[in-house]
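The structure appears below as structure tokens.
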Amino acid sequence: MLKKIQRRFILAAMAAFGTVMLLIIAGINLANYYRTTSMQDRLAGELLSQEQTVLAKRQAPPPPFRNKAGRDPEAAFMTRFFTVHCEADGTVREVLRDYISSVDEEAAKAYTQDVLLKGREKGYYKDYRYLVSRSEKGISVLFLNTAIQMQSMRTLLFVSLATGVGSLLLVLLLVILFSRRAIRPYVKNIERQKQFITDAGHELKTPITSIATSADIAAMEHEGDEWIENIRKQAARLTKLVGDMVALSRLDEEMPFPEKGRFSVSEAAWETAEPFAVLAKAKGKNFSQSIEDNISLLGDRSAIQRMISILLDNAVGYSDDGGEIEMRIYRRRGKVCIEVSNTCDLPEVSDLDRLFDRFYRLDESRSAETGGTGIGLSMVQAIAETHGGRATVESADGKEICFRVVL
5 MLKKIQRRFI LAAMAAFGTV MLLIIAGINL ANYYRTTSMQ DRLAGELLSQ EQTVLAKRQA
65 PPPPFRNKAG RDPEAAFMTR FFTVHCEADG TVREVLRDYI SSVDEEAAKA YTQDVLLKGR
125 EKGYYKDYRY LVSRSEKGIS VLFLNTAIQM QSMRTLLFVS LATGVGSLLL VLLLVILFSR
185 RAIRPYVKNI ERQKQFITDA GHELKTPITS IATSADIAAM EHEGDEWIEN IRKQAARLTK
245 LVGDMVALSR LDEEMPFPEK GRFSVSEAAW ETAEPFAVLA KAKGKNFSQS IEDNISLLGD
305 RSAIQRMISI LLDNAVGYSD DGGEIEMRIY RRRGKVCIEV SNTCDLPEVS DLDRLFDRFY
365 RLDESRSAET GGTGIGLSMV QAIAETHGGR ATVESADGKE ICFRVVL
């Protein structure tokens, strides 16, 4: 129990911290991306405007851009770009490569054709940020070299991810170190509840036994008395309830089955199912089973048999008159699967997941008739979990219900 609570606490803490770190990293990188692309688009717009002016006046190429207030005066010598002017149909008319040397004219034309095929006004193409301008005179495409800025963005992304992963590992270590102390009050409260149930169970056994014995003696003197019969019936129900509560409390212990061993699930299932087949036939219900041979499991044989017994008792008690009950046990992908299904008439299919809650019942009146305590399926789930498995329930149409345990 302690390890399970500690594990859940660690997972919850790391999920919260991981989500916050992911949001911070995403926020920083997105903000940097939009800031960088905005600056590049603004610069590309200024350069394209000047290039179009140069093309119109046919004058000597000016500096890449005029120095404006607040702008680095060295930026003009760091900017690398080229411009391609095309006809309206996309035919290249002229290539201006005065401020770049790494791209020849043929490559510039190929870049332009690829960009125009995309149909976008701006974006990234290889190491360039491009801007497309369309007018009556034709199409102009400017390619701004952004290799340095893109490398900076990649570096920031790498550094932020590395910092995030490092922080995650450091916080994981700290959470593991302090988790036991953090959950200690909660664990202490659970231990007190378990101890209370155990003590109460032992204390209740004596008066319940006394009541049952007295009722048996009274029944001998007053045979057929309905009140005495009711006392005997309720005493038996209380005895079963107390026993189930104590057993369920023990399943929550750190090691409920200290001496697990390998046993044959197939043989254990055959032994458990035999009396229920007779009981189902006596009640006019059809019982069938399919148990694969030579299925073994490392665990507690008596606990698995009790789990199967609860599922079969539940199926026999809650199936409709003349209904069908089926048990299937097979191996799939190295796991043991136990399925018990029965026909029924469910009052509400939406609450099926709550069937494993303690004392929860779908049909209170039907449970009173069958004498159920309301914690049998909770024990099924607890036994499955202590064997490293899980228990689920499903019903497609409310006419048949299937409990599945995967170990």
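Heads up, the sequence shown is in my numbering, so the first residue is 5 and it goes up one at a time.
Note that beta-carbon positions come from the ideal geometry of N, C-alpha and C, so glycine has one too.
Predicted model only: the values in this text are computed from it and were never measured.
Three-state secondary structure (DSSP) of residue i
| i | result |
| --- | --- |
| L315 | helix |
| E263 | coil |
| N298 | coil |
| V407 | Looking at the sequence itself, residue 407 is Phe, so the reference to Val does not match. In this structure, F407 counts as strand in the three-state DSSP scheme. |
| S105 | coil |
| G327 | coil |
| S218 | helix |
| R335 | strand |
| H89 | strand |
| R133 | strand |
| T202 | helix |
| S399 | coil |
| K287 | coil |
| F162 | helix |
| R97 | strand |
| R305 | helix |
| G123 | coil |
| T41 | helix |
Local Cβ density within 10 Å of residue i, reported as buried at 16 or more and exposed below that
| i | result |
| --- | --- |
| L51 | buried |
| V282 | exposed |
| F182 | exposed |
| E55 | buried |
| I199 | Here residue 199 turns out to be Gln, not Ile, going by the sequence shown. It is exposed - the Cβ of Q199 has fewer than 16 other Cβ atoms within 10 Å. |
| F147 | buried |
| D297 | exposed |
| R12 | exposed |
| A30 | exposed |
| Y115 | buried |
| R220 | Arg is not the amino acid found at residue 220; the sequence shown has Asp there. Burial call: exposed. |
| Y37 | exposed |
| A318 | Position check: residue 318 holds Asn in this sequence, whereas Ala was assumed. With 16 or more Cβ atoms within 10 Å of its Cβ, N318 is classed as buried. |
| S294 | exposed |
| L252 | buried |
| Y322 | buried |
| L26 | exposed |
CA-to-CA distance, residue j to residue i, given in whole angstroms
| i | j | result |
| --- | --- | --- |
| L165 | M157 | 12 Å |
| T83 | L121 | 26 Å |
| G288 | I235 | 29 Å |
| V269 | M18 | 38 Å |
| F85 | I104 | 6 Å |
| S218 | I314 | 30 Å |
| L174 | K8 | 22 Å |
| R300 | L34 | Position check: residue 300 holds Ser in this sequence, whereas Arg was assumed. The straight-line gap from Cα to Cα measures roughly 54 Å. |
| K113 | V96 | 7 Å |
| L316 | E263 | 26 Å |
| R358 | R394 | 15 Å |
| T412 | T159 | No answer is possible for residue 412: the residues shown for the chain start at 5 and end at 411. |
| F267 | R335 | 15 Å |
| N346 | L356 | 14 Å |
| T396 | V384 | 10 Å |
| I379 | F363 | 5 Å |
| R101 | E109 | 8 Å |
| P189 | I28 | 33 Å |
| E271 | I308 | 11 Å |
| Q117 | D93 | 11 Å |
| V163 | R39 | 18 Å |
| L15 | R184 | 13 Å |
Beta-carbon gap between residue i and residue j smaller than 8 Å
| i | j | result |
| --- | --- | --- |
| E343 | S292 | no |
| A386 | V409 | no |
| V119 | V145 | yes |
| V320 | F280 | yes |
| A273 | I232 | no |
| G205 | V246 | yes |
| R133 | Q44 | yes |
| I201 | V250 | yes |
| A151 | D131 | yes |
Given residue i as reference, the closest of the options once Cα atoms are compared
| i | options | result |
| --- | --- | --- |
| E417 | G338, C348 and R336 | Outside the shown range of the chain (5 to 411) lies residue 417, about which nothing can therefore be said. |
| C406 | L381, K264 and F200 | L381 |
| Q238 | I333, I215 and T150 | I215 |
| K403 | E275, D325, G393 and L34 | D325 |
| G170 | D229, F21 and I232 | F21 |
| V136 | A151, Q153, E98 and V88 | V88 |
| I32 | S42, L161, G228 and Y134 | L161 |
| V24 | L172, H226, G228 and F363 | L172 |
| G392 | L350, K209 and C341 | C341 |
| G338 | L302, M311, E225 and R362 | L302 |
| R310 | Y322, N149, A277 and A284 | A277 |
| P211 | L242, M154 and G228 | L242 |
| A350 | T41, Y128 and A400 | At residue 350 the sequence reads Leu, which differs from the Ala that was named. Nearest C-alpha to L350: A400. |
| A48 | L15, G265 and Y128 | Y128 |
| D248 | G228, K209, I187 and N290 | K209 |
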